[in-house]
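Under numbering that gives the first Met the number 0, the first residue of the sequence shown carries the number 0, and numbering increases by one thereafter.
Worksheet: one structure, shown below.
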Amino acid sequence: MAPRAGTSESAATRIVLLALAAGQFLMALDSSVMNVSIATVAEDVGTTVTGVQGAITAYTLVMAMFMIPGGKVGALIGRKRAFMIGCVIYGCGSLTTALAPNLPVLLLGWSFLEGIGAALILPAIVALVASNFATERRPAAYGLVAAAGAVAIAVGPLIGGVATTYFSWRWVFAGEVVMVLGILVLAGRITDALIGERPRIDLVGTVLSALGLGIFVYGVLRSDEWGWFQPKPDAPSWLGVSLVVWFMLAGLLLVWLFLRWEARMVKRRREPLVDPGMLHNKQLTGGLTMFFFQYLVQMGVFFVVPLYLSVALGLSALKTGARILPLSVTLLAAAILIPRYFPDVSPRRVVRLGTLALLAGAVVLMAALDADAGAEVVTLPLLLIGLGMGALASQLGSVTVSAVPEAQSAEVGGVQNAVTNLGASIGTALAGSIMIAALTSSFLTSVEQNPAIPSEVKSQATVELESGVPFLSDAQLESALDDAGTSNKVTEAALDANDEARIDGLRAALAILAFAALLAMFFTSRIPKTQPRSTGP
């Protein structure tokens, strides 16, 4: 039951909201906080950069695999208990990571324990907002919780940069342990939803959903290394097609089998992991679709902009994080102020305007990028993108949960977070692969057309670039060319080509993100025109 109005209860709901928003912030922080410190972490635990990137990938995979079962666990043991157990597991993972002497321990703490904890916490947050806030107050609550997650992604590089530069990356995870303890203290004020009859866990459905989502996401995450369709040189393939395609197809097939199995469970009047009938709900599928596109664009932007600032412009991690902060300002403003000052506004209108802001931000940034441009060109686009993200955050959580009975809110939470995980994975992978493809093509064209570069250098560049090119800063490229013994004339020509190619790659990535935002506009008609209203206890 949602708490009623009153001074003490109002204070209690603020504490509840703080606990849930802090939980969302903590879950999202791990997605970005260590990206600026990968090399330092690798050296500290005696592994390679690839090993640490593998740990980050494994964290994403564990979350993707167990998000839907994690939602069902909340219905089995209680949403509040699932939230608190998830926090304890996550805290143990953070402590293990902070003390990790080597890669296996890092994988255990960061990838497995934190991933399992997140799979319990995130679906529970969705259900607990529904059980602690009246229907008309949920848009504001969901908006603030979602905004906390997005802000964590935005400030993650700044936090990671400060910790790594002045202290140690380990202090980030030690800080997470302290934050978990604070959340557990605050969580005592949370009102749990009534459980009713305790369901049984559908083990077959759990295996099918975990394998399906895990295999699909794994394929997407490998696209940069293996190639989307045509396999890169020395990359694994089957029948001449990249394994990415086969992993994605296998994942989709398993998800289809999962839905068929769930339909069979419902037909036999047994408890399904997820009721497939929910997917016939126009409002729910509309909200889930918009969540997918929001996270696709959002994570693509958080991939592209830091690359431009840190690699193309050579800014430090601290300065890069500071330049991204304007996004957090408009994001929080929109997420908090829209529900407060426009409580009866049409969700469809807000979602459409938010999607248009995402589109406008991507287009303005794409037009502003230039080899001679400075860091200030990202400010206006990020303000627009933050405004769009905040507008979507203020509505979508309430839209999805209000589409089904409150008893199914934990299931919706599991599906919702699985969808956002898919969108985030695809957005990052798509932006990265499009950027590298455009960069490679642009660099090769510039090299081929430049008479100052000898033909043997052109041939060598073609072979190396086609096998996969990194996104290099001028300093990195100049160092590599010096090691190769190239002349000053060739070095200067290559640096000019790299400047142009980097911008072309970034523009191509932003173009695909803008296209995704435009495509999302076609699905906004499934968002309701009116705000959900409480029908009483």
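All residues carry an ideal CB built from backbone N, CA and C; glycine is no exception.
Note that the structure is predicted; figures quoted are calculated from it, not measured.
- Residue state for W237 is assigned as strand, using DSSP reduced to three classes.
- Rounded to the nearest whole angstrom, the CA to CA distance from P122 to A147 is 16 Å.
- Counted as a single uninterrupted DSSP element, the stretch harbouring G187 is not any alpha helix (DSSP H), since DSSP gives it neither H nor E.
- For a cut-off of 8 Å, the C-beta gap from L119 to A74 is around 12 Å, too long to register as a contact.
- In this structure R259 is exposed. Its beta-carbon is surrounded by fewer than 16 other beta-carbon atoms within 10 angstroms.
- Secondary structure at R199: coil, using DSSP grouped into helix, strand and coil.
- Below 8 Å, too few C-beta pairs join the stretch 242-258 and the stretch 377-384 to call them touching: fewer than three.
- S30 sits buried, since 16 or more C-beta atoms from the chains shown fall within 10 Å of its C-beta.
- Spanning the alpha carbons of T59 and N416 requires a straight line of approximately 12 Å.
- Between the stretch 98-107 and the stretch 418-434, the count of Cβ pairs shorter than 8 Å is below three; the stretches do not touch.
- For A173, the CB contacts under 8 Å within the same chain, skipping 5 residues up- and downstream, are S93, L94 and A97 in chain order.
- In summary, Y165 is exposed, with fewer than 16 beta-carbon neighbours lying within 10 Å of its beta-carbon over all protein chains present.
- Ranked by Cα distance from G22, the options V61, K71, A117 and I76 are led by A117.
- Just measuring C-alpha positions, the residue of P338, L278 and A57 sitting nearest E113 is A57.
- If the five residues before and after S327 are omitted, its C-beta is found closer than 6 Å to the C-beta atoms of V150 and A153, all from its own chain and listed in chain order.
- Take the alpha-carbon of N280 and the one of S524: they are about 13 Å apart.
- For the alpha helix (DSSP H) assignment, the uninterrupted runs of no fewer than 4 residues enclosed by the stretch 296-359 are, from N- to C-terminal side, 316-340.
- Y141 and A27 have their C-alpha atoms some 15 Å from each other.
- Within the stretch 43-98, the runs of alpha helix (DSSP H) at least 4 residues long that lie entirely inside it are, in chain order, 48-76 and 78-97.
- Put simply, the backbone Cα of M64 is about 26 Å away from that of L180.
- Membership of I14 in the alpha helix (DSSP H) is indicated by the continuous run T6 to L28.
- C-alpha of V206 to C-alpha of L317: approximately 42 Å in a straight line.
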